[in-house]
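Colleague: Below: one structure in structure tokens.
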Amino acid sequence: MSAPEATPAFALERDWVVPADHPAFAGHFPGQPILPGVVLLDQALQAARTLAPGAARWALPQAKFLRTVAPGQLLRLRLRALPSSAFAFEFLHAGVVVAQGQLKPEPAAP
1 MSAPEATPAF ALERDWVVPA DHPAFAGHFP GQPILPGVVL LDQALQAART
51 LAPGAARWAL PQAKFLRTVA PGQLLRLRLR ALPSSAFAFE FLHAGVVVAQ
101 GQLKPEPAAP
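Shown next, in the form of structure tokens:
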């Protein structure tokens, strides 16, 4: 019998209901509004900043947008610290990953 898989420890988890009147929906796309991925990146970055408030800059080594996000959807954001000092993030809707990636804090340029 194999050992159960370890559940990753999340440094931060929070829920976010995508506001139906979010300005990013204007014109993206008429008749079928879809949240631009940059809005998800901004939410992830805001959350990561609470875990690494001293970071002067952030790198985005990886990002994948796997499903569309519509107005009013409830998303769960999870951030997990990685050994590389980066943070892995994922957004889930109804238990399904809709976006994932990594954010890495960087020191100020000399």
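Residue numbers (the UniProt record's numbering): 1 to 110. Just so it is clear, CB atoms sit at the ideal spot from N, CA and C, and this is done for glycine as well.
(1) State the Cα-Cα distance for the pair Ala88 and Gln46, rounded to the nearest angstrom.
(2) Quick one: Cα of Ile34 to Cα of His28, how far?
(3) Going by Cα to Cα distance, which pick from Pro23, Ala52 and Ala44 is closest to Ser85?
(4) Measuring only the C-alpha atoms, how far is Ala81 from Pro30?
(5) List in chain order: all unbroken beta strand (DSSP E) runs of 3+ residues lying wholly within the UniProt domain "ApeI dehydratase-like" (15 to 101).
(6) Using alpha carbons as the reference points, say which of Arg78, Gln100 and Val96 lies closest to Val38.
(7) May I have the straight-line CA-CA distance separating Leu60 from Gly95, to the nearest angstrom?
(8) Less than 8 Å between the C-beta atoms of Pro36 and Ala24, yes or no?
(9) Hey, would you say Leu77 sits closer than 8 Å to His93, going by beta carbons?
(10) Closest to Ala109 by CA distance: which of Ala56, Lys64 and Val98 is it?
(11) On the criterion of 16 or more Cβ atoms from any shown chain inside 10 Å, does Val17 qualify as buried, or is it exposed?
Modeller: For this structure:
(1) The straight-line gap from Cα to Cα measures roughly 14 Å.
(2) Taken atom to atom, the span from the alpha-carbon of Ile34 to that of His28 is near 6 Å.
(3) Comparing Cα positions, the closest option is Ala52.
(4) Taking C-alpha positions only, Ala81 is separated from Pro30 by approximately 38 Å.
(5) DSSP runs (the beta strand (DSSP E)) wholly in the UniProt domain "ApeI dehydratase-like" (15 to 101): 57 to 65, 74 to 81 and 87 to 93.
(6) Residue Gln100 is the option with its Cα nearest to Val38.
(7) Computed Cα separation, rounded: 24 Å.
(8) In contact: Pro36 and Ala24 (Cβ atoms closer than 8 Å).
(9) Not in contact: Leu77 and His93 (Cβ atoms no closer than 8 Å).
(10) Nearest of Ala56, Lys64 and Val98 to Ala109, Cα basis: Ala56.
(11) Counting Cβ neighbours within 10 Å, Val17 comes out exposed, since fewer than 16 surround it.
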